[in-house]
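In terms of my numbering, the sequence shown opens at residue 592 and continues consecutively.
Positions of the beta carbon are idealized from the N, C-alpha and C atoms, including for glycine.
First comes the structure, then the notes that go with it.
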Amino acid sequence: MDLLCFLIISFSTIQLIIALVNYLYLKFFVASALKDVPKDNNPFVSILIPARNEEKNIPKTLKAIISQNYTNIEIIVYDDNSNDRTKDIVASFQSNDSRIKLLEAQILPSDWKGKNYACHTLAQHAKGDYLLFLDADVTIHNDFVFKIVSLAKKEKYALISCFPKPITLSFGEKITVTTVYYILLSLLPLALVSKTKYPSISAANGQCMFFEADTYRKIQPHKVFKSSFVEDIDIARYFKKNQLRVLCLTGLSDIKCRMYDNLKDAINGFSKNIVKILGNNFLTAIVFWLITTFGFVSFILTKNYELLNLWIFQFFLTRAFISLTIGKSLISNLLLSPIQQFFIGVFIYKSFINKITKKQIWKGRNLYFF
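Shown next, in the form of structure tokens:
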């Protein structure tokens, strides 16, 4: 039992250190890297948006894009067989801005995931020197393209991926969305994504992927991972495996996203990738959840109250650094952290059931097609 207590407190300490490092990384490196960028409207950038049933989100996304101070852009939206007004809304924007193009969905090949095929098709129609893939629920500040282009040119990154600042309005969002950031920012020092060559030390977010176009066209990463649930992470690892520079950012106020507007969608969405994030192994995922949720029990059983107090202190301090990093309410996240821990278990359980039943419905499609 003493050994178990030692392992649990050691893991908690490592999480705290990583969370602190990520906070400092955002505070100093990221802030300085994106500060005072030159206002140069070259090169040409293709902004590519896969959209399926996004009538609630696409207007705000397009308004933010056409308001960019960086004007040397094209905007291509792929309407993926939406059964709402997505297509009509994009067409109305297109009539007022010649930079906007609308692609209508082709028949989805049986061995492709829908979003992967949409991104691949968008890239085939893009003419840019850089390709910026954005989800249809992402909004960007009017200097965002300036900043990301400048950073890519200066540091020669083949891929830059951003985790948007999460917008959480409902109670269901507050107890689910932050959990993914807790896992990421307490397990992976983001600075090492760009500073090391190990593919295993990778992170990316399909909500925002910025590629050097020649590299993308040569590799065609969405085609390479056409059937992947988590193509973003797979692509980042593949790029590093091929000695290409990858950068992952989070905590930026320049890019925001409201991922889900209800608890059911959040559970369904996060169950797609929770196990992949936790090492692509159900046992590893379960052990992580048990240690981070019930680790305190071992200290109670051994009556080691000094370590119990230290564990509680580290648990909440880790959450505090992560809240500061992603710009969310410190008090809210600390109060909700026990419930958030519970939902990590819910995500893992739902992912396991989906795998057993081969049924993961997302936007009207079963992601398990074989």
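Residue i to residue j span [Cα, whole Å]
i, j, result
"Pro721", "Thr652", "Residue identity check: residue 721 is Tyr in the sequence provided, not Pro. C-alpha separation (whole angstroms): 19 Å."
"Ala717", "Asn644", "22 Å"
"Val740", "Phe912", "29 Å"
"Glu803", "Lys788", "19 Å"
"Tyr896", "Val888", "11 Å"
"Ile810", "Ile903", "46 Å"
"Phe620", "Lys738", "14 Å"
"Ile649", "Cys848", "12 Å"
"Thr884", "Ala727", "34 Å"
"Ile877", "Lys946", "15 Å"
"Asp825", "Phe724", "16 Å"
"Leu869", "Gly860", "16 Å"
"Tyr669", "Ile691", "11 Å"
"Ile559", "Gln905", "Since the first and last residues shown for the chain are 592 and 961, residue 559 lies out of range."
"Ser819", "Asn871", "12 Å"
"Gln951", "Ile858", "11 Å"
"Gly705", "Asp852", "22 Å"
"Ile944", "Arg956", "17 Å"
"Leu901", "Leu615", "22 Å"
"Leu854", "Pro641", "23 Å"
7 Å Cβ shell around residue i - same chain, five flanking residues per side excluded
i, result
"Asn613", "Leu776, Pro780, Leu781 and Thr916"
"Val784", "Ile792, Ser793, Ala794, Val837, Leu838 and Cys839"
"Ala655", "Thr730 and Ile731"
"Val815", "Tyr829"
"Phe879", "Leu869"
Endpoints, the alpha helix (DSSP H) within which residue i is located
i, result
"Ile913", "Tyr896 to Ile917"
"Lys788", "First-last for Lys788: undefined, no H or E at that position."
"Glu646", "It is not in any alpha helix (DSSP H) - Glu646 carries neither H nor E in the DSSP assignment."
"Ile680", "Thr677 to Gln685"
"Thr582", "Any property of residue 582 remains undetermined from this structure, which presents the chain solely from 592 to 961."
"Tyr614", "Asp593 to Leu615"
"Ile774", "Val768 to Leu778"
"Trp703", "It is not in any alpha helix (DSSP H) - Trp703 carries neither H nor E in the DSSP assignment."
"Gln931", "Leu921 to Thr948"
"Asn859", "Leu854 to Phe861"
"Leu625", "Counting along the chain, Leu625 falls outside any alpha helix (DSSP H), and DSSP gives it neither H nor E."
"Lys747", "Where Lys747 is concerned, there is no enclosing alpha helix (DSSP H), given that its DSSP letter is neither H nor E."
First through last residue of the beta strand (DSSP E) which encompasses residue i
i, result
"Val668", "Ile664 to Asp670"
"Thr730", "Val729 to Ile731"
"Pro641", "Val636 to Ala642"
"Leu760", "Segment: none, Leu760 is in no beta strand (DSSP E) and carries neither H nor E."
"Tyr829", "Premise fails: Tyr829 lies in the alpha helix (DSSP H), Glu822 to Lys832, not in any beta strand (DSSP E)."
"Glu803", "Cys799 to Glu803"
"Lys692", "Ile691 to Glu695"
"Lys847", "Ile846 to Cys848"
"Ser752", "Leu750 to Phe754"
"Phe724", "Tyr721 to Leu725"
Sequence-distant residues of the same chain with beta carbon closer than 6 Å to residue i, five excluded per side
i, result
"Gln606", "Ser777 and Thr909"
"Ser928", "Arg910"
"Asp805", "none"
"Phe801", "Leu723, Ile739 and Ile751"
"Ile930", "Ile766"
Environment of residue i [buried if 16+ CB atoms lie within 10 Å]
i, result
"Phe961", "Here Phe961 scores only 38 on pLDDT, less than 50, and its place in the model is too uncertain to base an answer on."
"Ile667", "buried"
"Leu899", "buried"
"Thr712", "buried"
"Arg808", "exposed"
"Gln798", "buried"
"Phe597", "exposed"
"Lys831", "buried"
"Asn796", "buried"
"Phe602", "buried"
"Met592", "exposed"
"Asp675", "exposed"
"Asp823", "buried"
"Phe762", "exposed"
Same chain only: Cβ atoms within 8 Å of residue i, ignoring 5 sequence neighbours per side
i, result
"Leu925", "Phe907, Arg910, Ala911 and Ser914"
"Asn833", "Ile810"
"Ala743", "Tyr721, Ile751, Phe801 and Glu803"
**Study point:** Segment contact, 8 Å Cβ cut-off, at least three pairs: the segment 764-774 with the segment 912-932
**Key:** Contact between the segment 764-774 and the segment 912-932 is established, with three or more Cβ pairs separated by less than 8 Å.
Check your understanding: Given 8 Å as the limit, is there contact between the segment 855-875 and the segment 931-941, that is, 3 or more CB pairs closer than that?
Key -> Verdict: yes, contact present.
Check your understanding: Does the segment 632-642 touch the segment 662-671, meaning 3 or more C-beta pairs lie closer than 8 Å?
Key -> Contact holds: three or more Cβ-Cβ distances are below 8 Å.
Review point. Between the segment 666-684 and the segment 749-761, are three or more C-beta pairs nearer than 8 Å?
Key: No contact exists between the segment 666-684 and the segment 749-761.
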